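All residue numbers for the sequence shown refer to my numbering, where the first residue is 127 and numbers rise by one.
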Amino acid sequence: MISIQSLDVSYWQQNSWVKVIERLSLDVLPAETFGLVGESGCGKSTTANALLGFHPRGARYSSGSVWFEGKDLLQIPEAEMQNIRGARISLVPQNPTTALSPGMRVGKQIAETLLNHHFSKGSKEAYDRTLDLFTQVSLKEPRKIFEKYPHQLSGGQQQRVIIAMALACDPKLIVLDEPTTGLDVTTQAQILDLLVELRGRFGITMFYITHNLGVVAQICTRIGVMYAGRLVEAAPTRELFASPQHPYTQGLIASVPRVLQPARRQTLLLKGLLRRSELPEGCQFAPRCEFAKNRCFKEAQELADVGSEHQVACWRWREIPTFSVRAGKSALAEPEGAAIAETMEQRELLAVKNLVVGYGSTGKGRVFKKPPTIIVDGVSFDILPGETLALVGESGSGKTTVVRALNGLTPYVTGELLFLSNKYDLSQPVGKRPDELLRSIQLIFQNPDASLNPRQRVSKIIGQPLRRFYGLSGNALRQRIESLLDDVRLDQSYYNRYPDELSGGERQRIAIARALAAEPDLLLCDEVLSALDVSVQANVLELLIELQTRTRIAFLFITHDLAVVRSIAHRVGVLYWGTLCEVGKVEEVFSAPSHPYTDMLLRAVPEPDPTQVMPRSRKDIGLLTSERKYACPFATRCPWKVGSICEEQDPPWQATSETHRLSCHIPLEELRVREPELVKIASAG
127 MISIQSLDVS YWQQNSWVKV IERLSLDVLP AETFGLVGES GCGKSTTANA LLGFHPRGAR
187 YSSGSVWFEG KDLLQIPEAE MQNIRGARIS LVPQNPTTAL SPGMRVGKQI AETLLNHHFS
247 KGSKEAYDRT LDLFTQVSLK EPRKIFEKYP HQLSGGQQQR VIIAMALACD PKLIVLDEPT
307 TGLDVTTQAQ ILDLLVELRG RFGITMFYIT HNLGVVAQIC TRIGVMYAGR LVEAAPTREL
367 FASPQHPYTQ GLIASVPRVL QPARRQTLLL KGLLRRSELP EGCQFAPRCE FAKNRCFKEA
427 QELADVGSEH QVACWRWREI PTFSVRAGKS ALAEPEGAAI AETMEQRELL AVKNLVVGYG
487 STGKGRVFKK PPTIIVDGVS FDILPGETLA LVGESGSGKT TVVRALNGLT PYVTGELLFL
547 SNKYDLSQPV GKRPDELLRS IQLIFQNPDA SLNPRQRVSK IIGQPLRRFY GLSGNALRQR
607 IESLLDDVRL DQSYYNRYPD ELSGGERQRI AIARALAAEP DLLLCDEVLS ALDVSVQANV
667 LELLIELQTR TRIAFLFITH DLAVVRSIAH RVGVLYWGTL CEVGKVEEVF SAPSHPYTDM
727 LLRAVPEPDP TQVMPRSRKD IGLLTSERKY ACPFATRCPW KVGSICEEQD PPWQATSETH
787 RLSCHIPLEE LRVREPELVK IASAG
């Protein structure tokens, strides 16, 4: 279908050409889904640009070719390439919000694509084709969707529109660049199911770029692993996961947190970070490889055949232990933070009682004052010193709103927020809180790019809380900053750097160091791992667990990734439409009986194991079908709905133990019978 041969790509950086892809060769076969995985900066998106014939500003194709239907896409004039791009080859980008024009109705955008490529002869034919495409990608009420603007659609609906646009002209190849990265777990599951269905129905070839190994394990037929611009391993999906040969591939797979396996093989986790300025002439991975010899640093490797369809670029692949041997020798240790749960003080650090938060009130002085729209409705939980409580749920469930209320950034309507054994009432906005309270509760945001001042050096960013709360200056300030850098595994060379000189993982570590500088009692972590590569994510998780063990800090961990929750949390609360529907110890919540919503979340997680059969059907995951909130908020989507009682009567809290309770009309014994499919799979394995 498409063949990349000996491709070299360079970018003009700091007055010189820097090679970002080197000697890349790979073939994608008709009707297969080829997955390209690797850490940020390895060259995945640059490869996608080459497949689409793009020539980005500052980029140079030094050598090589990209063959498609008998033509080298890198040599075709742009005018001719525009006829191929969008018609024969199409793209599904990571962010549908930026891919769709905000000022044009989404239906018209697809119709315009059809007309521009002469796929439809007129407006009526383009309209009918667009409606048919919306039906194919499972968008309900296609005529209404046609008339909507992008901002009127959910993230999942926007991504379905983009997929419909990619399918518009019956392309032979679709390039998918991290298409589910920004989506929550249930929306991601729906998009993956849709792609598998479309591949089976139309026989489309797909080139899938991602750093999520759980996704490629479930959707791809063959996988290539990229490191620093070079392909280091390629194999059929099942063979790659069963017997990875390259140390980098082994580390990537070991770094993935799993719903079915709470522990991670710590000795297999990737060490260090990809630094292009420090790459040797030989194997680019050698500086991070525990098996590297002198030859590895000096001589570049070519892909060698390991099996009939399995290739690896490693001088020592015959000598290093296999993944199964290394995994067998590596202890499956529970997170260190879990050990302190048994000895935690029972004195509450934080007590949240019947928290109600709303937006949109017209203010006290208005005659026709409108009530606020309730986002968080009667949520109650507590956190003990040294404990990690995770709040999980889909986008819009109210997780971040809870964090903003605790931090004083968003006022709440009613409820009690008591901190440090009732010493502080958190009703005060952040601007009126005393310094001791500000110091005791720190927040780490999801996006370090937005939370770190780009004009301040690392030393000033970390030093701000040290100067404010402890009055440090001079040599004492510098020593403490360097100590904090060491705590987050960054050396002293980062002291005078700016945020734009750091990778995403490094910036997040700086944000963590800044929060730790205040020596807080409670750290609010709002989706702190969602934007990070799997290897960086694993290292940040280990860092947080180690810091908690050493300092007894408590975490409120906000996420939609249940595999991460399994790795770090002691207890978990499941939030749906602003209402807490289940809370308990992690092992209890992840085992039957579960709330129907918890079960749905568990079934949506893509397990990084191609032999692990996911639930046969996830059609019942559904989308929110009503703007009306019933007594049980989940009633409109619940596949186990009892009847009108779910809509009319508040579901009772049922306790399975002293630490585990859930809110549902279905009796516990019946919920046990409806055991989550993932739990069945885990027990069978």
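Where is the CB? At the ideal position from N, CA and C, for every residue including glycine.
Bear in mind the structure is a predicted one, so any value in this text is a computation, not a measurement.
Take residue i as the anchor and find which of the options has the nearest alpha-carbon.
{"i": "Tyr620", "options": "Gly630, Ile636, Arg286, Arg606", "result": "Ile636"}
{"i": "Glu435", "options": "Leu481, Thr448, Leu366", "result": "Leu366"}
{"i": "Phe449", "options": "Ser369, Pro222, Leu515, Glu359", "result": "Ser369"}
{"i": "Gln316", "options": "Gln285, Ala213, His337, Val539", "result": "Gln285"}
{"i": "Ile349", "options": "Ala360, Ile694, Asn548", "result": "Ala360"}
{"i": "Glu645", "options": "Gln663, Leu667, Ile679, Ser629", "result": "Ile679"}
{"i": "Asp296", "options": "Glu323, Ser166, Phe328, Asp310", "result": "Phe328"}
{"i": "Val502", "options": "Val263, Asp776, Val483", "result": "Val483"}
{"i": "Ala338", "options": "Lys479, Val690, Val556, Glu206", "result": "Correcting the residue type first, residue 338 is Asn in the shown sequence and not Ala. Comparing Cα-Cα distances from Asn338 to each of Lys479, Val690, Val556, Glu206, the minimum goes to Val690."}
{"i": "Glu784", "options": "Cys772, Glu733, Arg697", "result": "Arg697"}
{"i": "Thr514", "options": "Asp647, Ile379, Ser216, Pro222", "result": "Asp647"}
{"i": "Asp109", "options": "Val342, Cys772, Arg623", "result": "The displayed coordinates of the chain run from 127 to 811. Any statement about residue 109 would go beyond what the structure contains."}
{"i": "Val385", "options": "Arg692, Thr762, Asn601, Arg800", "result": "Arg692"}
{"i": "Leu475", "options": "Pro511, Val322, Ile500, Thr536", "result": "Pro511"}
{"i": "Asp310", "options": "Glu653, Phe716, Ala664", "result": "Glu653"}
{"i": "Arg402", "options": "Glu206, Ser136, Arg211, Gln437", "result": "Ser136"}
{"i": "Asn533", "options": "Pro305, Leu670, Ile567, Gln220", "result": "Ile567"}
{"i": "Val799", "options": "Ser770, Ala761, Arg754, Asp725", "result": "Asp725"}
{"i": "Thr223", "options": "Thr307, Arg255, Leu259", "result": "Thr307"}
{"i": "Leu320", "options": "Val263, Asp575, Gln201, His244", "result": "Val263"}
I'd like to confirm the pairing. Which residues does DSSP put opposite residue i in its beta bridges?
{"i": "Met230", "result": "According to DSSP, which records beta bridges pairwise, Met230 is partnered with nothing at all."}
{"i": "Pro362", "result": "Arg348"}
{"i": "Met332", "result": "Thr159, Ile300"}
{"i": "Trp138", "result": "Trp143"}
{"i": "Asp500", "result": "Rather than Asp, the amino acid found at residue 500 in this sequence is Ile. According to DSSP, which records beta bridges pairwise, Ile500 is partnered with Gly484."}
{"i": "Arg306", "result": "Per the sequence presented here, residue 306 reads as Thr, with Arg not at that position. BP columns for Thr306 are empty, so no partner."}
{"i": "Arg697", "result": "Leu515, Lys711"}
{"i": "Lys197", "result": "Phe194"}
{"i": "Val341", "result": "Answer is none; Val341 lacks a bridge partner."}
{"i": "Phe681", "result": "Thr514, Leu649"}
{"i": "Val154", "result": "Ile128"}
{"i": "Gln437", "result": "Ala360, Asp431"}
{"i": "Arg327", "result": "Answer is none; Arg327 lacks a bridge partner."}
{"i": "Arg444", "result": "Answer is none; Arg444 lacks a bridge partner."}
{"i": "Val505", "result": "Leu481"}
{"i": "Phe545", "result": "Leu476, Tyr550"}
{"i": "Tyr702", "result": "Thr705"}
If I follow the unbroken alpha helix (DSSP H) through residue i, where does it start and stop?
{"i": "Met127", "result": "Looking at the DSSP string, Met127 is not in any alpha helix (DSSP H), and its letter there is neither H nor E."}
{"i": "Lys755", "result": "Unbroken run through Lys755: none, as it is neither H nor E."}
{"i": "Val192", "result": "From DSSP, Val192 is part of no alpha helix (DSSP H) but of the beta strand (DSSP E) over 185-194."}
{"i": "Ser216", "result": "No alpha helix (DSSP H) holds Ser216; the beta strand (DSSP E) holding it covers 215-218."}
{"i": "Tyr538", "result": "First-last for Tyr538: undefined, no H or E at that position."}
{"i": "Arg787", "result": "Counting along the chain, Arg787 falls outside any alpha helix (DSSP H), though it belongs to the beta strand (DSSP E) covering 787-789."}
{"i": "Gln780", "result": "Taken as a continuous stretch (DSSP letters only), Gln780 belongs to no alpha helix (DSSP H), being part of the beta strand (DSSP E) at 779-781."}
{"i": "Ile289", "result": "281-293"}
{"i": "Ile202", "result": "Careful: Ile202 lies outside any alpha helix (DSSP H) and carries neither H nor E."}
{"i": "Ser523", "result": "Looking at the DSSP string, Ser523 is not in any alpha helix (DSSP H), and its letter there is neither H nor E."}
{"i": "Glu774", "result": "771-774"}
{"i": "Glu795", "result": "794-799"}
{"i": "Ser553", "result": "No alpha helix (DSSP H) holds Ser553; DSSP gives it neither H nor E."}
{"i": "Lys170", "result": "170-177"}
{"i": "Lys224", "result": "For the record, residue 224 in the displayed sequence is Thr; it is not Lys. Unbroken alpha helix (DSSP H) run through Thr224: 222-225."}
{"i": "Ala576", "result": "574-577"}
Under DSSP, the beta strand (DSSP E) around residue i begins and ends at which residues?
{"i": "Glu733", "result": "Per DSSP, Glu733 belongs to no beta strand (DSSP E) and is neither H nor E."}
{"i": "Lys479", "result": "476-485"}
{"i": "Asp652", "result": "648-652"}
{"i": "Gln568", "result": "567-570"}
{"i": "Cys707", "result": "705-711"}
Give a yes or no on whether the minimum CB-CB distance between residue i and chain D is below 8 Å.
{"i": "Ser227", "result": "Among the chains in the structure shown there is no chain D, since it carries only a single protein chain."}
Any alpha helix (DSSP H) of 4 or more consecutive residues that is wholly inside the stretch 231-268 | 232-242, 249-262, all fully within the stretch 231-268.
With contact counted as at least three CB pairs below 8 Å, one residue from each stretch, are the stretch 372-382 and the stretch 706-723 in contact?
-> A contact is defined here as three or more CB-CB pairs under 8 Å, and the stretch 372-382 fails this definition with respect to the stretch 706-723.
If we count Cβ pairs, one from each stretch, closer than 8 Å, do we get three or more for the stretch 223-232 versus the stretch 259-275?
-> The stretch 223-232 is in contact with the stretch 259-275.
Along the chain, which unbroken stretches of the alpha helix (DSSP H) at least 4 residues long are found entirely within the stretch 583-645?
-> Within the stretch 583-645, the complete alpha helix (DSSP H) runs of at least 4 residues fall at 584-596, 600-613, 630-643.
Contained alpha helix (DSSP H) runs [length at least 4] in the stretch 368-432, N- to C-terminal order | Here the runs fully enclosed are 373-381, 420-424.
Does the stretch 407-419 come close enough to the stretch 428-444 to have 3 or more Cβ pairs within less than 8 Å?
-> Touching, yes, given that three or more Cβ pairs across the two stretches are closer than 8 Å.
Decide if the stretch 143-150 is in contact with the stretch 127-135; the criterion is three or more beta carbon pairs, one per stretch, under 8 Å apart.
-> A contact exists between the stretch 143-150 and the stretch 127-135.
The stretch 515-534 / the stretch 556-574 touching (three or more Cβ pairs under 8 Å) = With a cut-off of 8 Å on Cβ pairs, the stretch 515-534 is in contact with the stretch 556-574, counting three or more such pairs.
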